[in-house]
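Report on one structure; see the data block that follows.
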Amino acid sequence: MFTAYVVLTLIAAATTAMLAVLDLIRHPIPLRAAEQVRVSASWVRPIGWVFLAATVGLLAGFVIPPLGIAAATGLVLFFVCATIAHLRIGDFRIGPPAGVLVLAIATLVVTLAYQVG
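The sequence shown finishes on residue 120 if you use the numbering used here, and the numbering steps up by one all the way, no holes.
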């Protein structure tokens, strides 16, 4: 269980770090995605800070478990909302947000199983 916890947490942290960088530099990919789901481009950079906080929280969870649990929970909630945002506008190509949602759920489940169980 420890190995799964470490590997999934590191993959999730790397993913959120990459998303944070793309958002913070206002890369065209997240800007197009925001426009597509009718979210103001002014929200892209703050969302990047949220991803950066999630990255730090996931990594800090190795030392302070409640932070890792909170970060993984926050990611699940964020990507549930992101998936709903796509569905709300009739965009059924939900692969990217749903893929990260699956990663976030797996990370949360393994984190809870390792830390609580």
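Every residue, glycine too, gets a C-beta built ideally from N, C-alpha and C.
Quick caveat: nothing in here was measured; it's all calculated off a predicted structure.
Among the options, which residue has its Cα nearest to the Cα of residue i?
{"i": "I50", "options": "A7, A85, A116, T110", "result": "A85"}
{"i": "L70", "options": "H89, L80, V59", "result": "V59"}
{"i": "L11", "options": "V40, F65, S43", "result": "F65"}
{"i": "P68", "options": "L104, A37, V113", "result": "V113"}
{"i": "P100", "options": "F5, M4, T19, L13", "result": "T19"}
How many Å lie between residue i and residue j at the Cα?
{"i": "R35", "j": "R29", "result": "10 Å"}
{"i": "V9", "j": "F54", "result": "19 Å"}
{"i": "A44", "j": "V103", "result": "21 Å"}
{"i": "W46", "j": "A7", "result": "33 Å"}
{"i": "Q118", "j": "T110", "result": "12 Å"}
{"i": "L78", "j": "A57", "result": "7 Å"}
{"i": "E38", "j": "G120", "result": "42 Å"}
{"i": "V105", "j": "I87", "result": "14 Å"}
{"i": "L90", "j": "W52", "result": "24 Å"}
Could you tell me how far apart the beta carbons of residue i and residue j are, in whole angstroms, since I believe they sit closer than 8 Å?
{"i": "A107", "j": "A63", "result": "So it is not a contact: roughly 16 Å between Cβ atoms."}
{"i": "I92", "j": "R41", "result": "6 Å"}
{"i": "F25", "j": "R48", "result": "Here residue 25 is Leu; the residue named in the question, Phe, does not match the sequence. Not confirmed; about 11 Å, so no contact."}
{"i": "A16", "j": "L61", "result": "4 Å"}
{"i": "L115", "j": "I72", "result": "7 Å"}
Buried or exposed for residue i, going by 16 or more other Cβ atoms inside 10 Å?
{"i": "P33", "result": "buried"}
{"i": "F82", "result": "buried"}
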